[in-house]
Amino acid sequence: MKPLSIKEGKHFIEDIPLSDLVDKFGTPIIVYSKSQIIENIEKFRKAFSIFSDHEAHYAVKANYNPNILEILKQNGIGADAANPNEAKLAVQIGFDKKMITVTPNNLTRDELNFLVKEKFIVNFDDEIQYSLVENKVDLFSIRINPGIGKGEFKGITTGGKNSKFGTSPDKAKLAYEKAKKDGVERFGIHMHTGSNVLDPQFFKESSLAFFKISKIISKEVGIRFEYLDIGGGYGVPYQPYVEDLDIDRVAQNIKSNLMLPEINESLGSFKLITEPGRFMVANSAVILSKVTNVKKTDRNFIGTNLSFNTMIRHALYGAKHHFEIMDKLSGKYKKFIITGQACENTDRLGENIPLIEPRLDDVLITYTAGAYITSMSSNYNLLGRPMEILVDGSKVKIIRKPDDLPSILGPFLT
Ligand SMILES: Cc1ncc(COP(=O)(O)O)c(C=O)c1O
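Heads up, the sequence shown is in this note's numbering, so the first residue is 3 and it goes up one at a time.
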């Protein structure tokens, strides 16, 4: 399973056996394949090349390691930031400001006015956030809730009912009228309805709803949208038996909506912006951790030195990652609960996980660890976050030092 291959009976990442990395750097470590990230970028870009004007803005929240951002920037991708810090980092990395969107929610007056003063393009979460802005914005864009949403879990569904994000089409229309009255002449419009969607049909439905809303607003307010930003959500398989999202089909589905005469005629020419996060990086990394316990109580537990402070996705949403034991390619499978070192019974990386029974000191591979892992991590229990390593062919670069006690305690004052 990506990004690994098996050669001579061993797990490899690019040209390097995983066991060499464990011998050299210990565990836990997060290991990325650069070529996998580039493959993902190319696949995504090729799919959307059927649009005459398309820009992919990588959602920085998925993984903000500056080295990862650098790869995306060098390969022509823009950035979508969730707040001033992510926006500042994107600028620091060297993303062209014209290719940075900021899609925040619940910012303070100061944070919003900072973004406007620094001339960032902001997709305002709603009309109330826009009312906090003191100076005229260069371009006004608002996040629409198109009334439908889909995500792998409830916790990552951001459109439809019970969403804290966005505003209704009616309220958005009033906000565009207000912006026009405020003298704004440039406009965009945004939606993002959920994450890890593997069904190409959903993108057809959500973009059609969005295009219809955009068309009505554009016509009734008398404005032209420079861009239509349809957000992220492009899914990746977390299990070997699940198929990749057909990203070509996703792009074709979106395009087919634009061919409809009632949509096509009224929107005129615009830039299509997408905000892929997970799609670009999730399958590029694995976590290598040590098996520190194999224990039978009423259930079969495996203990490891990877905890939910680093990987919260299972505890938070019930996310199901794939696991294997490094270099153990045959044997009898048994089902395990995989747990870490944190003092919480919810510190589980997965349950009901089929594994060839490990021995103490074996190495556990956690797949699909490139997105929403380190960027959602913490230091609960003073547990450190792992070292991160980027592999490029046979080259190895440390791209994050592991936490240690002084680095964790650094911000505390006594
Ligand atoms: C506004 C916005 N855009 C893009 C994304 C990226 O989503 P994904 O990683 O599913 O592509 C998110 C993620 O939550 C988001 O909130």
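All residues carry an ideal CB built from backbone N, CA and C; glycine is no exception.
Checklist entry - Relative to ligand 1, is the shortest distance from any of its heavy atoms to the C-beta of A253 smaller than 7 Å? => result As a working mapping, residue 253 is identified with position 251 in the sequence shown. A distance criterion of 7 Å places the beta-carbon of A253 beyond contact range of ligand 1, judged by its closest non-hydrogen atom.
Item to check | Exposure label - R350; buried when at least 16 CB within 10 Å | outcome: Counting from 1 along the sequence shown, the entry for residue 350 is found at position 348. R350 should be labelled buried.
Checklist entry - Whose C-beta lies closer than 8 Å to the C-beta of G2 among residues of the same chain, with five residues either side of it excluded? => result The question about residue 2 has no answer, for the chain in this structure spans 3 to 416.
Checklist entry - Using 8 Å as the threshold, is the segment 35-52 in touch with the segment 262-270, meaning 3 or more CB pairs across them? => result No: the two stretches stay apart, fewer than three of their Cβ pairs being nearer than 8 Å.
Checklist entry - Taking the alpha-carbon positions, what's the L269 to I355 distance? => result As a position in the sequence shown, residue 269 is number 267, starting the count at 1. As a position in the sequence shown, residue 355 is number 353, starting the count at 1. Taking the straight line joining both Cα atoms gives about 49 Å.
Item to check | Residues near G96 by beta carbon distance below 7 Å, same chain, minus five either side | outcome: As a working mapping, residue 96 is identified with position 94 in the sequence shown. K75.
Next on the checklist: Using a Cβ-based criterion (distance less than 7 Å to any ligand heavy atom), does S323 qualify as near ligand 1?
Outcome noted: By one-based count along the sequence shown, residue 323 stands at place 321. The residue asked about is misnamed: residue 323 is His in this sequence, not Ser. Taken from the Cβ of H323, every heavy atom of ligand 1 lies 7 Å or farther away.
Next on the checklist: On a Cα-Cα basis, can you pick out the residue from M313, Y243 and L210 that is closest to N255?
Outcome noted: Translated into the one-based positions of the sequence shown, residue 255 becomes position 253. Here the closest residue by C-alpha is L210.
Checklist entry - Hey, which residues come within less than 5 Å of ligand 1, measuring from Cβ to any heavy atom, in chain order? => result Applying a distance threshold of 5 Å between residue Cβ atoms and the heavy atoms of ligand 1 selects A61, A64, T105, H194, S197, G233, G234, G235, E277, P278, G279 and R280, given in chain order.
Next on the checklist: Could you tell me the alpha carbon to alpha carbon distance between V421 and A371, rounded to whole angstroms?
Outcome noted: Summary: the structure shown does not reach residue 421, with the chain confined to residues 3 through 416, and so no result is reported for it.
Checklist entry - Which term fits M261, buried or exposed, when burial requires 16 or more other beta carbons within 10 angstroms of its beta carbon? => result Indexing the sequence shown from 1 puts residue 261 at position 259. Residue environment: M261 is assigned as exposed (fewer than 16 neighbouring CB atoms within 10 Å of its CB, all protein chains considered).
Next on the checklist: Let me confirm a value: S35 is counted as buried when at least 16 other C-beta atoms fall within 10 Å, else exposed. Which label applies?
Outcome noted: Here residue 35 is taken as the residue at index 33 of the sequence shown, counted from 1. Per the 10 Å Cβ criterion, buried.
Checklist entry - Applying the criterion that 16 or more other CB atoms from any shown protein chain within 10 Å of the CB defines a buried residue, is S291 buried or exposed? => result Position 289 of the sequence shown, counting from 1, holds the residue named residue 291. So S291 counts as buried.
Item to check | Residue from G80, E72 and T103 whose Cα sits closest to the Cα of P86 | outcome: In the sequence shown, residue 86 corresponds to position 84, counting from 1. That would be T103, whose Cα lies nearest to the Cα of P86.
Checklist entry - Is it right to say N108 is buried, meaning 16 or more other beta carbons lie within 10 angstroms of its own, or is it exposed? => result Residue numbering aside, residue 108 sits at position 106 when the sequence shown is read from its first letter. Taking all protein chains shown into account, N108 has fewer than 16 neighbouring C-beta atoms within 10 Å of its C-beta and is therefore exposed.
Checklist entry - Using the rule of at least 16 other Cβ atoms within 10 Å of the residue's Cβ for burial, across every protein chain shown, is V244 buried or exposed? => result For the purposes of this step, residue 244 is identified with residue 242 of the sequence shown, where counting begins at 1. That one is exposed.
Checklist entry - What residues are listed by DSSP as bridge partners for L274? => result Against the sequence shown, residue 274 aligns to sequence position 272. L274 has H56 and L230 as its beta-bridge partners, per DSSP.
Checklist entry - How long is the line joining the alpha carbons of H323 and Y178, rounded to whole angstroms? => result If you number the sequence shown from 1, residue 323 lands on position 321. If you number the sequence shown from 1, residue 178 lands on position 176. Each residue's alpha carbon lies about 43 Å from the other.
Item to check | Residue from F213, V238, K12 and K173 with nearest C-alpha to E129 | outcome: As a working mapping, residue 129 is identified with position 127 in the sequence shown. In terms of CA proximity to E129, K173 leads the group F213, V238, K12 and K173.
Next on the checklist: Going by DSSP, what residue range makes up the alpha helix (DSSP H) through I43?
Outcome noted: Walking along the sequence shown from the start, residue 43 turns up at place 41. Per DSSP, the unbroken alpha helix (DSSP H) holding I43 starts and ends at K36 to F50.
Item to check | Identity of the residue in P19, K175 and K336 nearest K298 by Cα | outcome: Here the question's residue 298 lines up with position 296 in the sequence shown. K298 has its Cα closest to that of K336, out of P19, K175 and K336.
Item to check | Span separating the alpha-carbon of L384 from that of P408 | outcome: As a working mapping, residue 384 is identified with position 382 in the sequence shown. As a working mapping, residue 408 is identified with position 406 in the sequence shown. Rounded to whole angstroms, the gap between the alpha carbons of L384 and P408 is 11 Å.
Checklist entry - Quick one: what does DSSP say Y243 is sitting in, helix, strand or coil? => result Within the sequence shown, numbered from 1, the residue matching residue 243 stands at position 241. Correct three-state label for Y243: coil.
Checklist entry - So, are the CB atoms of T160 and H194 less than 8 Å apart? => result Locating residue 160 in the sequence shown gives position 158, where the first residue counts as 1. Locating residue 194 in the sequence shown gives position 192, where the first residue counts as 1. Going by C-beta atoms, T160 is nearer than 8 Å to H194.
Checklist entry - Cα-Cα, which of D127, M101 and T110 is closest to K121? => result On the sequence shown, position 119 is the one that residue 121 refers to. That would be M101, whose Cα lies nearest to the Cα of K121.
Checklist entry - F126 bridges to which residues according to DSSP? => result Taking the first residue of the sequence shown as 1, we reach residue 126 at position 124. Its beta-bridge partners are I144.
Next on the checklist: Tell me the DSSP secondary structure of H192 in three-state form.
Outcome noted: Position 190 of the sequence shown, counted from the start, is the residue given in the question as residue 192. H192 falls in the strand class under three-state DSSP.
Checklist entry - Who does M389 pair with in a DSSP beta bridge? => result Stepping through the sequence shown from its first residue, residue 389 is reached at position 387. In the DSSP output, where bridge partners are listed per residue, M389 has I31.
Checklist entry - Excluding five sequence neighbours on each side, which residues of the same chain lie with their C-beta closer than 6 Å to the C-beta of L200? => result If you number the sequence shown from 1, residue 200 lands on position 198. Setting aside the 5 residues that flank it on each side, L200 is surrounded in the same chain by G237 and L247, each with a C-beta closer than 6 Å to its C-beta; the list follows chain order.
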